[in-house]
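K.L.:
So the sequence shown is numbered by numbering that gives the first Met the number 0: it starts at 0 and just counts up by one.
In this text, a Cβ means the ideal position worked out from N, Cα and C, and glycines have one as well.
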Amino acid sequence: MFSTNVGTPILPNNVIRRFIFPACTRLGLPRATWLTFRRTYSSWSHDRGVPGKVVAQLMGHANVDTTLNVYTQVLDGSLRQAVEKVGSELFTVVHKRAAPPLEGKGQKSNVKGEENGATLEEATGTFDLCPLT
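1. Can you tell me which of Gly6, Phe1 and Val5 puts its alpha carbon nearest to the alpha carbon of arginine 16?
2. What span of residues does the alpha helix (DSSP H) with phenylalanine 1 cover, start to end?
3. Is the segment 53-64 touching the segment 73-86, taking contact as three or more C-beta pairs under 8 Å?
4. Please state the DSSP three-state secondary structure of proline 50.
5. Who are proline 8's beta bridge partners in DSSP?
6. Less than 8 Å separating the beta-carbons of glycine 51 and threonine 35?
What follows is the structure, given as structure tokens:
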């Protein structure tokens, strides 16, 4: 991938010292190493849904545990996306249409902030979380 002026390969550590470190300095970034690139590749692949076994094979790992436990990191925003995805698929809000009133059907509510003259059923709008089947 990288060669000297006479066509011989540049040692991997020399690539880092001659090209990567100076580029990071010019861009104001922390120094990147080969480990940085491997972790970035593994984490981005995992975040985009590439199966762990595939990433492990591409990275030359015999065991997917090495890939997931050493190289793959949780990216910013991934936790929120996971919670939202699971939450939206597991639960749905179901409105109880025939909910019994709290203090008797048709009684007017006197809770501050509610519409004048609203019944308890109208004012409270009872909801339950129900798992999808």
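P.N.:
Taking the structure as given:
1. Phe1
2. Run containing phenylalanine 1: none; DSSP gives neither H nor E here.
3. no
4. coil
5. Ser2
6. no
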